[in-house]
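Have a look at the structure below before the remarks.
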Amino acid sequence: MNNNNLQRFLLWEEIMEDVRDAEEFYNIRREVLRRSNPFDLSDEKFIKLFRLTKPLCENLINIVRPFVHEPPRRSALTVQTKVLAALSFFGTGSYQEITGASNYVGISQPSVSRCIKEVCNAMNQPQILNNWIHFPRNIEEMQALRTSYWLCGLHTYQHCSSTYR
70 MNNNNLQRFL
80 LWEEIMEDVR
90 DAEEFYNIRR
100 EVLRRSNPFD
110 LSDEKFIKLF
120 RLTKPLCENL
130 INIVRPFVHE
140 PPRRSALTVQ
150 TKVLAALSFF
160 GTGSYQEITG
170 ASNYVGISQP
180 SVSRCIKEVC
190 NAMNQPQILN
200 NWIHFPRNIE
210 EMQALRTSYW
220 LCGLHTYQHC
230 SSTYR
């Protein structure tokens, strides 16, 4: 083997080693980015994180699925992830709990914002909204609602600090 061929061979080996290192790094990074399945959590922990029971959350995911866009890319966020991100935000009012540190959602703040918008738009569809939110339609229903409100003790200041009494 002459000197020129030896240099080419060594250069080729160095390039191939760099390619193997890059592939290894990519595979490790992909493994790190995999999310844990939140439905494997205990019921208590799941409710603490998402404010719904597992069956109710699965029901919500299935209800909004037709209205939430699910891109065909493998790396795209699933409907489940979008709903869980929105529920987590609704429960805490904070993006910080959802972004980065979460093993169950762990997406960027802009992605969380898009999830919230998409899930809210889905939940506001008349097919969904009208099944879950009911307003009084006449005087009798409104009076029954007022009566139940007063019977529950909601008109009292028991939940307020003593400075407001």
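Numbered per our numbering, the sequence shown spans residues 70 to 234. Glycine residues also receive a C-beta, built at the ideal position from the N, C-alpha and C atoms. Computed from a predicted model, the values in this text were never measured in an experiment.
Between Glu187 and the set Ala91, Leu121, Arg142 and Gln149, the nearest pair of CA atoms involves Gln149. Around the Cβ of Pro107, a 10 Å sphere holds 16 or more other Cβ atoms; the residue is buried.
Put simply, the backbone Cα of Ser217 is about 50 Å away from that of Arg143.
A check of alpha carbon separations from Ser177 across Val88, Cys189 and Ser163 identifies Ser163 as the nearest. Assigned with DSSP and collapsed to three states, Ile176 falls in coil, not helix or strand. Rounded to whole angstroms, Gly175 and Ile208 show a C-alpha spacing of 48 Å.
Inside the stretch 104-143, DSSP marks whole alpha helix (DSSP H) runs of 4 or more residues at positions 112-119 and 123-133, from first to last along the chain. If you compare the alpha carbons of Phe78, Phe158, Leu110 and Gln194 with that of Val137, the shortest gap goes to Gln194.
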